[in-house]
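Here the structure is laid out as structure tokens; the discussion comes afterwards.
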Amino acid sequence: MNILFVGFNPSIRSSETGTHFANPNNRFWRILHEAGITPRKYAASEDHLLPDIGLGITNIVARPTKAADEITKEEYQEGKVILRNKIDRLRPKVVCFVGKGVYQEYSGRKKVPWGKQEEAVVPGTIDFVAPSSSGLVRMKIEEIVEIYKQLNEIL
């Protein structure tokens, strides 16, 4: 696996459809395509095809919520252990955290820059922090895409 994308948790829409980043307002699929990570813009319903091109998706917490602020400290604690074990087992080249908050919860680090992190939590992998693809993020889509493009350079 080249890149494992990690989100906070499934949205209600994602839990209803059984697919990742299924909310129509989420720009994840557009960002991946415009950054050159995927050869075309995939639909959320095609997320099962990603392993064929070296990509995977998971979350730090499995329980769906309307917003990430509904996730409890206990859920994060449990999720961190599960995620670390998953990364250790899958051994992706890069673990891309979709949002600074996800990485802050996972790593326990407060100050987190965009892009490649100095040290990965799981040795032998690269931690990468990218902006959330949520439509609520106020960054311009072009700025977000530029950060995601760095993943290609790393690979």
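Residue numbers (the working numbering): 100 to 254.
For glycine and all other residues, C-beta sits at the position ideal for the given N, C-alpha and C.
Just so you know, these numbers come straight off a predicted model, no measurement behind them.
Once you ignore the five residues that flank residue i on each side, which residues in its own chain have a CB closer than 7 Å to its CB?
i, result
"histidine 132", "Arg139 and Lys140"
"threonine 164", "Asn108 and Ile170"
Just reading off the beta strand (DSSP E) that residue i is part of, what are its end residues?
i, result
"isoleucine 225", "225-229"
"threonine 118", "Where threonine 118 is concerned, there is no enclosing beta strand (DSSP E), given that its DSSP letter is neither H nor E."
"asparagine 158", "154-158"
"leucine 103", "102-106"
If you drop the 5 nearest sequence neighbours on each side, which residues of the same chain put their C-beta closer than 6 Å to that of residue i?
i, result
"valine 160", "Asn108, Ile170, Glu174 and Gly178"
"leucine 182", "Ile159"
"tryptophan 128", "Lys140 and Tyr141"
"leucine 254", "Asn101"
"threonine 137", "Leu131"
"isoleucine 122", "The displayed chain sequence assigns asparagine, not isoleucine, to residue 122. Within the same chain, asparagine 122 has close Cβ partners Ser110 and Arg112."
Less than 8 Å between C-beta atoms, sequence neighbours within five positions excluded: which residues of the same chain meet that for residue i?
i, result
"valine 244", "Ile130, Glu133 and Ala134"
"proline 212", "Val228"
Sort the options by Cα distance to residue i and report the nearest one.
i, options, result
"threonine 116", "Ala143, Val211 and Gly155", "Ala143"
"methionine 238", "Asn251, Arg190, Tyr202 and Arg126", "Arg126"
"phenylalanine 120", "Gly153, Thr137, Thr157 and Asp151", "Thr157"
I'd like the span of the alpha helix (DSSP H) that includes residue i, first residue to last.
i, result
"valine 220", "Valine 220 -> no alpha helix (DSSP H), and no H or E assigned at all."
What whole-angstrom Cβ distance do residue i and residue j have, given they're in contact under 8 Å?
i, j, result
"proline 191", "glycine 214", "Incorrect: roughly 17 Å between the Cβ atoms, too far for contact."
request  = Check whether the stretch 206-224 touches the stretch 105-119, counting contact only when three or more Cβ pairs, one atom from each stretch, lie closer than 8 Å.
outcome  = no
| Any chance the stretch 197-207 sits against the stretch 226-236, with 3 or more Cβ pairs inside 8 Å? | Inter-segment contact for the stretch 197-207 and the stretch 226-236 is present: three or more beta-carbon pairs are separated by less than 8 Å.
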